[in-house]
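Notes to accompany the following structure.
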Amino acid sequence: DLFNSFAKTFSSRRALGENTQRSIAVSFGGHTMNSLPIEDPNDLSCSDFDGHCRWHNIEGLLVDEMDWFQGTGKLDVERLHISTGTDVMPEGDYGIVATDVAQLPNAKAVLVSDVINCQVGPAELRFRYWTSPGVRITVCAKQLIKFYPSFDFCSDPVEIGDPGPAFVSIPDLDKQPFQIFITADNFVFRATNLEGGFAIIDDVEYYGDLCTDPNNMMPPKNSFFKDEFSDAVIHQSGISEPPTLIPPSNIISQLSEISTLTRQNVEDSRRHNKFIAKVKQPHHYASLCSALQCSFESEPCVEYITQSDWILSSEPIGNIKGDASLLPFNPEGSFAYVNGPRKVSRLQTPPFDAPWDFYLLFAYYKTSNISKFNVIIKQSESPFEQLIFTAPQTVNTTQRWFRESRILKAASYDYIAFEAKNLRSADYIGLDEMLVLDSNKRRICL
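Going by the working numbering, the letters in the sequence shown line up with residues 1 to 446, in that order.
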């Protein structure tokens, strides 16, 4: 009774769990086809699906057949795993659509953004998602001058694997006002005592450059140590809190490690260990802040960067037009970079102890889809490395910084490695703005 339980209990204030509630329909801003324009890309970030969310159910007779709702409460892990194949759950509130009756393939629920007046170049829409078998999620964009559903762009159905995140490139629509549409359809599953399906989305983020040059900034480097640090980072990160990946269960974590395990590179290991022996006593771990907090100007991180083949720069270099303190770039500021031709290059931190779970925030710059940028961790108790981030490919070449964050477990770490691979002669990869927050998104480093 998987889908029946989901949809029926959803309408009776339970969904995949005893405490799950369907709170409110996602319809906050009045007329969705003529909404107020956003002023900043961060305006389209939505993690709670409450009254502050700039996304709405589409309105109009026969436009769509179902509505998105705000789901609250904890989902049942076992039921979610059976239907989606993952134990990773939405965090806090989320957007959800569900039915216990098989629908026609084109029956859908459509979530539409507020108006984007003018976008310069391609943008990116990111979100996490969970779908029952058969249900599809697609992303489309349409200029305001056109009637629905005469879309200018539609993605293929998102099929990365629950819970994603999904990365969808939004093209430049001739700098005309437009809206983005997230559609769930194909609720066609039908079996004995089992019909319909569901879709869940969470942590929606929009990364793009508006024609009005929005103030999409990270905190100035000289303000990193102020009391307002955590609030500034939370506001500027693009959602109500730094982007997160919820720690998976032990089973999924083990599976993830199996699929991403690699022995550390011998040459990198020798060079790294030589540097550590030079600046540290054996088995003496650098503090979390000394190893990871870095604006690439004068912190302890500068020492281990200069011992690598990455280069520090305080001015634009190659196709990197500046640092990440102002997006898409700030022509004044410092950062680290590596350029090609080069098969592989690593920037590795010294060893450190993390007595608590923490968030690592960083910014990266990569313009080529041929080159690769990975972030890898090596815990002391494990003989293997673990891949925690790979920069996604983009449809069009962009010249801007992107911000990311990952939550890491309390442990002793041999290093965190920022790895660039397959760089051609004209390729550059940059790294900037490494920040550390505790599990409650508060500043750690004074």
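Every residue, glycine too, gets a C-beta built ideally from N, C-alpha and C.
Under the rule that 16 or more other beta-carbon atoms within 10 Å means buried, what is Arg424, buried or exposed?
Within the sequence shown, residue 424 is the residue found at index 424, counting from 1. Exposed, since its Cβ has fewer than 16 Cβ neighbours within 10 Å.
Starting from the Cα of Glu189, find the closest Cα among Pro149, Ala141, Ser132 and Pro355 and give me that residue.
Taking the sequence shown and counting its residues from 1, one reaches residue 189 at position 189. Reading the sequence as shown, one finds Phe at residue 189 and not Glu. Nearest option by C-alpha distance: Ser132.
Using the beta-carbon count (16 or more within 10 Å), is Trp68 buried or exposed?
The count along the sequence shown starts at 1 and reaches residue 68 at position 68. Label assigned to Trp68: buried.
If you reduce the DSSP assignment to three classes, tell me which class Ile82 lands in.
Counting from one through the sequence shown, the residue named residue 82 turns up at place 82. In this structure, Ile82 counts as helix in the three-state DSSP scheme.
Check for me: the beta strand (DSSP E) holding Ser405 runs from which residue to which?
Stepping through the sequence shown from its first residue, residue 405 is reached at position 405. That run of the beta strand (DSSP E) goes Trp401 to Leu408.
Just verifying my parser: in three-state terms, what is the DSSP assignment at Ser313?
Along the sequence shown, one-based indexing puts residue 313 at 313. The answer is strand: DSSP assigns Ser313 an E or B state.
For the 8 Å Cβ check, are there 3 or more pairs between the segment 65-79 and the segment 145-153?
At 8 Å Cβ cutoff, the stretches do not touch.
Please state whether DSSP places Asn42 in a helix, a strand or coil.
Residue 42 sits at position 42 when you count from the first residue of the sequence shown. Of the three classes helix, strand and coil, the one that applies to Asn42 here is helix, per DSSP.
Please name the residue in Asp50, Phe358 and Val101 whose C-alpha comes closest to that of Cys445.
On the sequence shown, position 445 is the one that residue 445 refers to. Minimum Cα distance to Cys445 is reached at Phe358.
Thinking just about the alpha-carbon of each residue, which of Arg400, Lys409, Ala391 and Ser334 is nearest to the one in Ala354?
The count along the sequence shown starts at 1 and reaches residue 354 at position 354. Ala354 has its Cα closest to that of Lys409, out of Arg400, Lys409, Ala391 and Ser334.
My output table needs one value for Ala102: the three-state DSSP class, helix, strand or coil.
Against the sequence shown, residue 102 aligns to sequence position 102. Ala102 falls in the coil class under three-state DSSP.
Grab the span of the beta strand (DSSP E) containing Glu433 for me, first residue to last.
The count along the sequence shown starts at 1 and reaches residue 433 at position 433. Segment Tyr428 to Asp438, the beta strand (DSSP E) holding Glu433.
Between which two residues does the beta strand (DSSP E) containing Cys140 stretch?
Position 140 of the sequence shown, counted from the first residue, corresponds to residue 140. Per DSSP, Cys140 belongs to the beta strand (DSSP E) from Arg136 to Gln143.
Am I right that Ile58 and Val97 are in contact with their C-beta atoms under 8 Å? What's the rounded C-beta distance?
Taking the sequence shown and counting its residues from 1, the one referred to as residue 58 is at position 58. Taking the sequence shown and counting its residues from 1, the one referred to as residue 97 is at position 97. At roughly 12 Å, the Cβ-Cβ gap does not stay under 8 Å, so Ile58 and Val97 are not in contact.
Please confirm whether Ile416 and Leu360 have their CB atoms less than 9 Å apart.
Translated into positions along the sequence shown, residue 416 becomes position 416. Translated into positions along the sequence shown, residue 360 becomes position 360. Yes, these two residues count as a Cβ contact at 9 Å.
On the DSSP bridge assignment, give the partners of Leu361 in chain order.
The residue labelled residue 361 in the question sits at position 361 within the sequence shown. Its beta-bridge partners are Ser405 and Leu435.
Keeping to the same chain, check which residues put their C-beta closer than 6 Å to that of Leu347; ignore five residues upstream and five downstream.
If you number the sequence shown from 1, residue 347 lands on position 347. Once the five neighbours on either side are set aside, the close Cβ partners of Leu347 are Ser308, Trp310 and Phe418.
Once the 5 residues before and after Val302 are set aside, which same chain residues still bring their CB inside 6 Å of it?
As a position in the sequence shown, residue 302 is number 302, starting the count at 1. Excluding positions up to five away in sequence, the list is empty.
Quick one: is Ala426 buried, meaning 16 or more other Cβ sit within 10 Å of its Cβ, or exposed?
Looking up residue 426 in the sequence shown gives position 426. Classification of Ala426: exposed, given that the 10 Å Cβ count is below 16.
Which term fits Gln103, buried or exposed, when burial requires 16 or more other beta carbons within 10 angstroms of its beta carbon?
For the purposes of this step, residue 103 is identified with residue 103 of the sequence shown, where counting begins at 1. Gln103 comes out buried.
Short check: CB of Gly95 to CB of Ile201, under 9 Å?
Locating residue 95 in the sequence shown gives position 95, counting from the first residue. Locating residue 201 in the sequence shown gives position 201, counting from the first residue. Cβ atoms of Gly95 and Ile201: closer than 9 Å.
Select from Leu431, Ala420, Phe187 and Gly318 the residue whose C-alpha is nearest the C-alpha of Ser295.
Translated into the one-based positions of the sequence shown, residue 295 becomes position 295. If we check each option's Cα against that of Ser295, Leu431 comes out closest.
Taking just the CA atoms, how far does Asp174 sit from Cys53?
For the purposes of this step, residue 53 is identified with residue 53 of the sequence shown, where counting begins at 1. For the purposes of this step, residue 174 is identified with residue 174 of the sequence shown, where counting begins at 1. Computed Cα separation, rounded: 26 Å.
Buried or exposed for Lys366, going by 16 or more other Cβ atoms inside 10 Å?
Walking along the sequence shown from the start, residue 366 turns up at place 366. Per the 10 Å Cβ criterion, buried.
Classify Ile276: buried if its beta carbon has 16 or more other beta carbons within 10 angstroms, exposed otherwise.
Your numbering for residue 276 matches position 276 in the sequence shown. Note that Ile276 has pLDDT 37, beneath the 50 cutoff, so the model's placement of it is unreliable and no number is given.
From the DSSP output, which residues share a beta bridge with Cys154?
On the sequence shown, position 154 is the one that residue 154 refers to. Paired residue(s): Cys140.
Are there 16 or more other CB atoms within 10 angstroms of the CB of Phe225, so buried, or fewer, so exposed?
Numbered from its first residue, the sequence shown carries residue 225 at position 225. Low per-residue confidence applies at Phe225: pLDDT is 31, beneath 50, and the placement is therefore not dependable enough to give any value.
So, for Ser155: in the same chain, excluding its five sequence neighbours on each side, which residues have a beta-carbon less than 6 Å away from its beta-carbon?
Against the sequence shown, residue 155 aligns to sequence position 155. Only Thr138, Val139 and Val168 meet the Cβ criterion.
With C-beta atoms as the reference, is Phe352 less than 9 Å away from Trp401?
On the sequence shown, position 352 is the one that residue 352 refers to. On the sequence shown, position 401 is the one that residue 401 refers to. No, Cβ-Cβ distance for Phe352 and Trp401 is not below 9 Å.
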